[in-house]
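Structure first, commentary second.
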Amino acid sequence: MGYRWWTLSNGWYLLGYDRWLQRGEIVHGLVTRRLQPSLPRWVWPETPDFQDKRSETFRRRLTLLMDLLDISDWGVAYTSQVHGTTVLWNPAPVHSGEDLPEADGLITDRTAFLLGVTVADCIPIWIYDGALSAVGIVHAGWRGTVQGVLEAALAVLEAQGSDLSRVEIVLGPAIQRCCYTVGPDVLEAVDRAYPDWAPYVIEQRASGWFLDLVGLNILQARRRGLRRSQIHPLRLCTACNGAWLFSHRRGDTGRLLAFIGRRPGPWG
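Listed below in structure tokens is the structure:
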């Protein structure tokens, strides 16, 4: 299966890649929408919804998350996501009230620095380069995927001296092929950008056309030279799992927060 659920003391359920969680170096996860059904009376449950990055509510919930993860002294960076291919290397930390840069990917080789994206059907893609001591995170919807946002992130790593044969990526929960109906605009964009791959990621059924967004990102990673053993798709569908995950397609307005960072220490 590859993933693991765990809870924080305030009742939030998180999801992460099991092997990275066992290592201890990589702080990462996805804050799901689910709360523990029974909490102590003294716990006032904060809703795990991260939909508006410019709001005080978002900042309060992010601060709470970092407190619960025991990383409250870390820097943090997140962006205004625009479904493009801009990926920032070592972004500046975000401070309350500042304008957010426009980007859909963040990568850093700093320790004690948290990177975050928000999603609700789009794919959060976590990146780890142990040799370069770098981590990253990408927001990949269909527009960003067609434009090659994951490939752009891997190119940023290469520009910093990364050997991509030593990089691992985890593709988190997103709308899957079972539920991702798309129209002619998406079909044309995928076919135009990836004519050789379109037959493998687009499926016609009686109810319409369906896109394998995760599969398309896997193919992009393979084109950049990553082996299948370096790519870990969690294959949880946001549209199918409404109790755990927000889905824009299902009509939810909430957003999930995906995050990653590295702890200081001798992790060689």
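Each residue of the sequence shown is one higher than the one before, starting from 463 at the first, in the numbering used here.
Here a beta-carbon is modelled for each residue, glycine too, at the ideal position from N, C-alpha and C.
Computed from a predicted model, the values in this text were never measured in an experiment.
Thinking just about the alpha-carbon of each residue, which of the options is nearest to the one in residue i?
i: residue 727; options: 572, 685, 679; result: 572
i: residue 470; options: 519, 464, 677, 501; result: 501
i: residue 476; options: 724, 720, 725; result: 720
i: residue 635; options: 661, 562, 675; result: 675
i: residue 486; options: 518, 531, 519, 523; result: 531
i: residue 541; options: 528, 527, 513, 533; result: 513
i: residue 664; options: 606, 687, 639; result: 639
i: residue 694; options: 633, 484, 666; result: 633
i: residue 552; options: 622, 689, 710, 661; result: 622
i: residue 700; options: 687, 637, 666, 653; result: 637
i: residue 614; options: 604, 567, 655, 527; result: 567
i: residue 702; options: 641, 517, 591, 522; result: 641
i: residue 528; options: 698, 490, 590; result: 490
i: residue 482; options: 591, 515, 554; result: 591
i: residue 595; options: 649, 671, 488; result: 488
Taking DSSP as the reference, what is the three-state secondary structure of residue i?
i: residue 496; result: strand
i: residue 712; result: coil
i: residue 571; result: coil
i: residue 591; result: strand
i: residue 488; result: strand
i: residue 543; result: coil
i: residue 565; result: coil
i: residue 609; result: helix
i: residue 637; result: coil
i: residue 660; result: helix
i: residue 686; result: coil
i: residue 615; result: helix
i: residue 666; result: strand
i: residue 717; result: coil
i: residue 560; result: coil
Quick one: using the 10 Å Cβ neighbour count with 16 as the cut-off for buried, is residue i buried or exposed?
i: residue 713; result: exposed
i: residue 691; result: exposed
i: residue 593; result: exposed
i: residue 562; result: exposed
i: residue 557; result: exposed
i: residue 479; result: buried
i: residue 669; result: exposed
i: residue 625; result: exposed
i: residue 662; result: exposed
i: residue 602; result: buried
i: residue 523; result: buried
i: residue 604; result: buried
Please report the Cβ distance between residue i and residue j, rounded to the nearest whole angstrom; I am assuming they are in contact, meaning their Cβ atoms lie under 8 Å.
i: residue 644; j: residue 673; result: 5 Å
i: residue 600; j: residue 611; result: 6 Å
i: residue 587; j: residue 679; result: 7 Å
i: residue 597; j: residue 466; result: No, residue 597 and residue 466 are not in contact; Cβ-Cβ is about 18 Å, not under 8 Å.
i: residue 606; j: residue 546; result: 6 Å
i: residue 499; j: residue 474; result: Actually they are not in contact, since the Cβ atoms of residue 499 and residue 474 sit about 13 Å apart, beyond 8 Å.
i: residue 564; j: residue 544; result: 5 Å
i: residue 464; j: residue 688; result: Wrong, their Cβ atoms sit about 16 Å apart, outside the cutoff.
i: residue 608; j: residue 655; result: 5 Å
i: residue 508; j: residue 472; result: 6 Å
i: residue 698; j: residue 671; result: Their Cβ separation, rounded to whole angstroms, is 22 Å, which puts residue 698 and residue 671 out of contact at 8 Å.
Confirm the yes/no value for this check: CB of residue i, any heavy atom of the ligand FMN, distance under 8 Å.
i: residue 498; result: The ligand FMN is not among the ligands present in this structure, which contains no ligands whatsoever.
Sufficient close CB pairs (3 or more, under 8 Å) joining the segment 527–538 to the segment 563–583: The segment 527–538 vs the segment 563–583: in contact.
Touch test, the segment 625–638 against the segment 678–687, Cβ-Cβ under 8 Å, three pairs minimum: yes
Meets three-Cβ-pair contact criterion under 8 Å: the segment 707–726 and the segment 582–593: yes
Inter-stretch contact (C-beta, 8 Å, three-pair minimum) for the segment 696–709 and the segment 490–501: The segment 696–709 vs the segment 490–501: in contact.
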